[in-house]
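Novice: Input: one structure, supplied below.
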Amino acid sequence: MPEDASEVYDVTIIGAGPAGLFAAFYAGLRGMRTKIVEALPEVGGQLAVLYPEKFIYDVPGHPKIMAKDLVKQLIEQIHLFEPTMVLGQRIETLTRKQFEGEEVWRLGTDTGSHLTRTVVITAGIGAFEPNKLDRPGVGDYLDKGVYYFVKDKRPFRGKKILIIGGGDTAIDWALNLKDWAESITLIHRRDQFRCHEGSMAHLKTTEIPIMTFWELKRIEGDGSAPKSATIYENRTAEERTIPVDIVLISTGFKAALGPITKWGMEMVDNRHIKTNVFMATNLPGVFAAGDIAAVEGSAPLNLIVTGFGHAAIAANACKTHIDPAARMFPGHSSEMKL
Ligand code: FAD
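Once you know that position 174 of the sequence shown is 302 in the numbering used here, the rest is easy, because the numbers rise by one and skip nothing.
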């Protein structure tokens, strides 16, 4: 059993999509000690995972902004308050706990826990996880040469890399790693790519072979690292074995609300958490914001701008929950010295 956390935060935010990131901004503005926990090793939620290269036209003050650039700016905005960021951990449980004479929330993960006075759930459509590829060798070399994410580019230097996938992430990593790796081969099971046209045009100017209708059959290695990958043409069944040091699997993501529905909160249609106009759920000190929140008496509108509004309300409501003497209204940021 992993050890419990030894310190209590004022606010812990579950999910680092736009609503979670903006909640962290307001929590910081109110002087609360803030932590964000995100299931993926990267922040940005749907913007980073599903449409990083698409333009968004309905974020106030930005006539047109690419999703990944909006994420960058949200990160820049919260760095002012330096919240603690915990990436790659999915919150599985939400329970009450006595800690040094105080009743707090315990957020459990499979590696440990987080203790907090209030919680803001900004879990969107659920925790993202990569689609897994079930082929011989993948499990044997996972994190020893087979990866679903590039968390650190260093192990990729001078290596022979096979990239699998046809979305933005696969193409972006092929471009990003091309001068870093000894060689890159890209395989994709179809001849249609779900990526930005400009990225594909750029990829075609490089020496990277783009093999469409090819899929992974198996990975062979020496027990400690991959040495080769056998791939096959899915129309003709032709097989080839190519030398590889690294296989990067980038075949999309799926999202699942998973355990959240079992935390004792009132749900609406089993996909949304019911809140009042303060974004409060039926659990004391637990708030919800963004796509996951169904505000009683309000029309559902799953948009970034709605999530920002929810996030501001939820973070300020956390403040008044912790300190009932505090005002809900934070004051105008334009009057503050930040
Ligand atoms: P999300 O962005 O879904 O982020 C939730 C995060 O929580 C995820 O990163 C997830 O991994 C994490 N998480 C979930 N559960 C857990 C857990 N148990 N533990 C840890 N982490 C967890 N909206 C607009 O306003 N304008 C647009 O133009 C627009 N275009 C879109 C285009 C597409 C293709 C799509 C799919 C959506 C678009 N949207 C647009 C909608 C917009 O992206 C969402 O409204 C917004 O992302 C919701 O933000 P969120 O922070 O609530 O949740």
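The beta-carbon is built from N, C-alpha and C at its ideal position, and this holds for glycine as well.
In this text the structure is predicted, and so the values were computed from the model without any measurement.
#1: Between Ile359 and Glu367, is the Cβ-Cβ spacing less than 9 Å?
#2: Measuring only the C-alpha atoms, how far is Lys225 from Gly145?
#3: Cβ-heavy atom distance between Gln174 and the ligand FAD below 8 Å?
#4: Is the Cβ-Cβ distance between Ala309 and Arg285 less than 9 Å?
#5: Provide the residue span of the beta strand (DSSP E) that contains Met213, from first to last.
#6: Can you tell me whether Gly425 is buried or exposed, with buried defined as 16 or more other CB within 10 angstroms of its CB?
#7: Could you check whether Gly273 and Val396 sit closer than 9 Å to each other, using their CB atoms as the reference points?
#8: Just to check my reading of the structure: Ile253 and Ile142 have Cβ atoms closer than 8 Å, yes? What is that Cβ distance to the nearest angstrom?
#9: When we look at the beta-carbon of Met456 and count the other beta-carbons within 10 Å, is it buried (16 or more) or exposed?
#10: Beta carbon of Ile253: closer than 8 Å to some heavy atom of the ligand FAD?
#11: For Val199, which residues from the same chain have a beta carbon less than 6 Å from its beta carbon, with the 5 sequence-adjacent residues on both sides left out?
#12: At a cut of 8 Å, does the stretch 191-198 reach the stretch 234-251 through at least three beta carbon pairs?
#13: Gly295 to Arg263, Cα distance in whole Å?
#14: Contact check, Leu411 vs Gly392 under 8 Å by CB: the rounded distance?
#15: Along the chain, where does the alpha helix (DSSP H) containing Phe153 start, and where does it finish?
#16: Measuring only from the beta carbon, is Asp186 closer than 8 Å to any heavy atom that is part of the ligand FAD?
#17: In angstroms with no decimal places, state the Cα-to-Cα distance between Glu361 and Phe277.
#18: Roughly how many angstroms lie between the CA atoms of His460 and Leu157, to the nearest whole one?
#19: Within a Cβ cutoff of 7 Å, which residues of the same chain sit near His324, ignoring the five residues on either side of it in sequence?
#20: Roughly how many angstroms separate the alpha carbons of Trp342 and Met160, rounded to a whole number?
#21: Rounded to the nearest angstrom, how far is the Cβ of Met339 from that of Thr313, given a contact under 8 Å?
#22: So is Met129 buried or exposed if we call it buried at 16+ other beta carbons inside 10 Å?
#23: Kindly give me the distance between the Cβ atoms of Gly293 and Ser378, rounded to whole angstroms, as I take these residues to be in contact under 8 Å.
#24: Between the Cα of Ile441 and the Cα atoms of His316, Tyr137 and Ala151, which residue gives the shortest distance?
#25: Is there at least one non-hydrogen atom of the ligand FAD closer than 8 Å to the beta-carbon of Phe277?
#26: CB Thr221 to CB Gly240, shorter than 9 Å?
#27: Could you check the C-alpha separation between Ala302 and Leu344 for me, to the nearest Å?
#28: Asp419 to Gly189, Cα distance in whole Å?
#29: Verify whether the separation of the beta carbon atoms of Ala422 and Phe415 is less than 9 Å.
Specialist: On the basis of the data shown:
#1: yes
#2: 27 Å
#3: yes
#4: yes
#5: Thr212 to Leu215
#6: exposed
#7: no
#8: No, Ile253 and Ile142 are not in contact; Cβ-Cβ is about 13 Å, not under 8 Å.
#9: exposed
#10: yes
#11: Gly172, Leu175 and Ala176
#12: no
#13: 20 Å
#14: 6 Å
#15: Pro146 to Leu157
#16: yes
#17: 25 Å
#18: 10 Å
#19: Glu181 and Asp296
#20: 51 Å
#21: 7 Å
#22: Confidence at Met129 is low in this model, with a pLDDT of 46, below 50, so the placement of that residue should be treated as unreliable; the coordinate-derived value is given next. Exposed.
#23: 4 Å
#24: Ala151
#25: no
#26: no
#27: 17 Å
#28: 21 Å
#29: no
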